[in-house]
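First residue of the sequence shown? That's 0 in numbering that gives the first Met the number 0, and the numbers climb one at a time after it. Just so you know, even glycine gets a beta-carbon here, dropped at the ideal spot from N, CA and C. It should be emphasised that the depicted structure is a prediction, and the values quoted were computed from it without experimental measurement. In what follows, a structure is listed as structure tokens, so that the remarks can point back to it.
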Amino acid sequence: MTTAVESFDTLRRKLTGALALPGDPLYAELATGFNVAITAKPAAVVEARDAQDVAEAVRFAAATGRAAGVQATGHGLAGTLDEAVLVHTGKLDECVVHPDGWARVGAGVRWQQVVDAAAPYGLAPLCGSAPGVGVVGYTTGGGLGPVARTFGWASDRVRAVEIVTGDGVLRRVTANDEPDLFWGVRGGKGALGIVTALEFDLVPLPSLYAGALYFAGADAAAVLHRWREWSSSLPLAATTSLAFLQLPPMPGVPEPLAGRFTVAVRFAWTESAESGAAVLAPMRAAATPIIDLVQTIPYAAIGMVHADPTEPMPVIEETDLLASFPAEAADALLATAGPDARSPQVMVELRQLGGALAEPGEHESALCHRDAAFSLILIGVPVPPIAEAIVPHAAAVRAALDPWLTGGALPNLSSGTGAERIARSYDPATLARLVEIAGRFDPANVLRVGQVPVRQS
Ligand SMILES: Cc1cc2nc3c(=O)[nH]c(=O)nc-3n(C[C@H](O)[C@H](O)[C@H](O)COP(=O)(O)OP(=O)(O)OC[C@H]3O[C@@H](n4cnc5c(N)ncnc54)[C@H](O)[C@@H]3O)c2cc1C
Numbered sequence: 000m001t002t003a004v005e006s007f008d009t010l011r012r013k014l015t016g017a018l019a020l021p022g023d024p025l026y027a028e029l030a031t032g033f034n035v036a037i038t039a040k041p042a043a044v045v046e047a048r049d050a051q052d053v054a055e056a057v058r059f060a061a062a063t064g065r066a067a068g069v070q071a072t073g074h075g076l077a078g079t080l081d082e083a084v085l086v087h088t089g090k091l092d093e094c095v096v097h098p099d100g101w102a103r104v105g106a107g108v109r110w111q112q113v114v115d116a117a118a119p120y121g122l123a124p125l126c127g128s129a130p131g132v133g134v135v136g137y138t139t140g141g142g143l144g145p146v147a148r149t150f151g152w153a154s155d156r157v158r159a160v161e162i163v164t165g166d167g168v169l170r171r172v173t174a175n176d177e178p179d180l181f182w183g184v185r186g187g188k189g190a191l192g193i194v195t196a197l198e199f200d201l202v203p204l205p206s207l208y209a210g211a212l213y214f215a216g217a218d219a220a221a222v223l224h225r226w227r228e229w230s231s232s233l234p235l236a237a238t239t240s241l242a243f244l245q246l247p248p249m250p251g252v253p254e255p256l257a258g259r260f261t262v263a264v265r266f267a268w269t270e271s272a273e274s275g276a277a278v279l280a281p282m283r284a285a286a287t288p289i290i291d292l293v294q295t296i297p298y299a300a301i302g303m304v305h306a307d308p309t310e311p312m313p314v315i316e317e318t319d320l321l322a323s324f325p326a327e328a329a330d331a332l333l334a335t336a337g338p339d340a341r342s343p344q345v346m347v348e349l350r351q352l353g354g355a356l357a358e359p360g361e362h363e364s365a366l367c368h369r370d371a372a373f374s375l376i377l378i379g380v381p382v383p384p385i386a387e388a389i390v391p392h393a394a395a396v397r398a399a400l401d402p403w404l405t406g407g408a409l410p411n412l413s414s415g416t417g418a419e420r421i422a423r424s425y426d427p428a429t430l431a432r433l434v435e436i437a438g439r440f441d442p443a444n445v446l447r448v449g450q451v452p453v454r455q456s
């Protein structure tokens with residue numbers, strides 16, 4: 000009789016990379032990601048060294064009746080992946096920037112590596128707020144970054160994808176080759192396969208006028224209402240977001256922001272510093288900033304705009320899209336999440352959408368909700384004594400904002416599993432098409448764990 004260990008030995012012999020089983024130190028290392036609130040418990044982890052390893056892992060999962068899942072950095076962990084074969088892409092670290100404006104990266108590459116490699120050519124990738132996030136997980140979910148209103152979604156810049164589909168075949172996918180996969184992988188995250196490499200366009204942007212204004216909690220109402228009015232007339236050169244912050248005193252958190260309620264207004268301007276300063280002036284005058292970090296920065300420093308955390312931490316997040324954000328909505332947000340609301344959330348953030356984000360991409364894709372006006376995300380850190388309050392509080396904020404919610408959510412900011420949750424990321428026709436394509440390329444439904452549409456088996 001073949002034991003599980005023996006059959007894993009069969010897989011191990013086919014791999015260039017490592018295979019880690021529960022109990023191995025490498026297993027604990029690979030199964031843990033950025034969000035330590037979720038611990039993945041796969042049957043085994045394949046630390047892929049090349050695309051062939053990914054294909055072997057998927058075929059092995061299919062042959063043994065297991066599911067296959069994927070993880071790069073764990074910034075978007077969705078579920079515990081119980082009993083699955085987890086493909087860890089961290090060692091797929093190819094990163095080549097072509098001076099004529101495009102890049103090819105392996106599935107384990109994080110954004111900062113591409114940002115740094117592109118900088119000598121005055122080029123920039125459309126990364127997100129946190130440069131430690133993985134390129135592939137981010138881009139396959141759309142990718143909403145600090146200059147997004149100028150340049151649009153990262154997924155619209157993709158030229159080619161190399162992907163192992165659920166049938167265990169490695170395919171190269173472009174607008175002309177396997178167009179259904181090309182459509183679905185841009186927005187569909189891991190629904191149609193495990194990406195091994197991505198090729199995408201860069202934009203010419205060596206530097207920009209960007210950063211954040213931080214205001215005291217006492218000014219939250221004035222700042223939020225000013226931001227709402229001011230942002231409504233911003234040109235495409237401006238991308239902005241506003242966050243209510245309650246950052247703990249810890250290394251990396253500036254003293255004026257630590258242990259108190261503050262408001263951050265992020266601003267990224269892709270034209271001259273002079274014109275950016277003029278556009279930002281009304282926001283700077285909304286109240287007296289306690290810190291003003293908006294300045295000309297090299298694109299390589301783009302992570303300072305949001306100053307997201309870089310070290311692993313436990314996170315509970317809830318997200319929504321808003322069709323509009325009138326004064327009544329701002330009052331509702333202040334009442335439930337403002338400085339006097341005793342909110343347990345570390346961050347309540349609104350990102351203004353619109354601009355280039357509302358435009359269709361060059362090639363149609365599975366990325367939905369381009370017409371939303373704002374995205375909302377609430378992030379709580381589940382530690383005593385506030386751990387239990389995070390989820391009910393997020394529900395109360397969502398209830399207060401209900402008249403303005405679209406019911407949708409961006410796939411990137413909405414990691415999680417289950418039919419209801421996934422359905423929020425796509426309109427019904429897109430979801431049905433993703434399921435249909437998945438059925439063709441993954442007839443055994445091997446890719447059934449994580450943030451993927453639920454298929455009837
Ligand atoms: C601090 C922080 C800041 C963020 N900022 C932004 C932001 O500004 N804009 C934005 O749009 N999103 C943002 N996100 C969300 C982030 O883009 C998603 O969570 C993304 O999925 C993370 O990808 P990852 O590979 O780093 O994480 P992982 O947890 O390793 O992967 C998450 C998911 O991505 C998919 N995926 C990963 N690798 C592959 C692959 N090789 N093939 C197919 N699918 C794959 C899978 O669905 C997987 O479950 C942020 C998240 C965090 C924690």
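Asked                                                                                                                                     : Found
Inter-residue CB distance, residue 83 and residue 434 (contact presumed, cutoff 8 angstroms)                                              : Contact doesn't hold; Cβ gap of about 19 angstroms is too wide.
Residues that residue 312 bridges to, as DSSP identifies them                                                                             : 34
Cβ-based neighbour list, residue 18, same chain, cut-off 8 angstroms, excluding 5 preceding and 5 following                               : 7, 10, 11, 43, 44, 45, 46
Per DSSP, the bridge partner or partners of residue 459                                                                                   : With the chain covering only 0 through 456, there is no way to say anything about residue 459.
Cβ-based burial, residue 455 [other Cβ within 10 Å; buried from 16]                                                                       : exposed
Member of 256, 286, 245, 190 whose CA lies at the smallest distance from the CA of residue 220                                            : 286
Bridge-paired residues (DSSP) for residue 346                                                                                             : 244, 378
Under 8 angstroms between C-beta atoms of residue 135 and residue 124                                                                     : no
Rounded separation between residue 480 and residue 85 - CA only                                                                           : Examination of residue 480 is not possible in this model, given that the chain is present from 0 through 456 alone.
Assigned secondary structure, residue 422 (DSSP; H/G/I helix, E/B strand, else coil)                                                      : helix
Residue 449 beta carbon near ligand 1 (any heavy atom closer than 7 angstroms)                                                            : yes
4-residue-minimum alpha helix (DSSP H) runs that sit fully inside the region 358-416, ordered along the chain                             : 389-399
Range covered by the beta strand (DSSP E) that runs through residue 465                                                                   : Since the first and last residues shown for the chain are 0 and 456, residue 465 lies out of range.
Backbone CA spacing between residue 453 and residue 417 [nearest angstrom]                                                                : 7 angstroms
Which of helix, strand or coil DSSP assigns to residue 0                                                                                  : Unreliable placement is indicated for residue 0, whose pLDDT of 43 sits below 50; the coordinate value is still reported in the next sentence. Three-state DSSP puts residue 0 in coil, outside helix and strand.
Minimum C-alpha distance to residue 95 - residue among 445, 197, 316, 215                                                                 : 197
Three-way DSSP call (helix, strand, coil) for residue 87 in this model                                                                    : strand
Any beta strand (DSSP E) of 3 or more consecutive residues that is wholly inside the region 132-185                                       : 157-163, 169-172
Enclosing alpha helix (DSSP H) for residue 327 [first to last residue]                                                                    : 326-336
Residue 247 versus residue 258: straight-line alpha-carbon distance, rounded                                                              : 5 angstroms
Check whether residue 87 and residue 34 have beta carbons under 8 angstroms apart                                                         : no
Chain-order list of residues whose beta-carbon lies under 7 angstroms from that of residue 353 (same chain, five-residue window excluded) : 148, 372
The region 206-214 / the region 291-305 touching (three or more Cβ pairs under 8 angstroms)                                               : yes
According to DSSP, residues forming a beta bridge with residue 46                                                                         : 17, 87
Cβ contact (3+ pairs, closer than 8 angstroms) linking the region 372-381 and the region 344-363                                          : yes
Residue 407 beta carbon less than 8 angstroms from that of residue 368                                                                    : yes
As assigned by DSSP and simplified to three states, the class of residue 70                                                               : strand
For residue 340 and residue 104, the rounded distance between their alpha carbons                                                         : 44 angstroms
Helix, strand or coil at residue 29 according to DSSP, with G and I counted as helix                                                      : helix
Range of the contiguous beta strand (DSSP E) that encloses residue 296                                                                    : 294-297
Cβ neighbours of residue 334 in the same chain (closer than 8 angstroms, five flanking residues each side left out)                       : 340, 399
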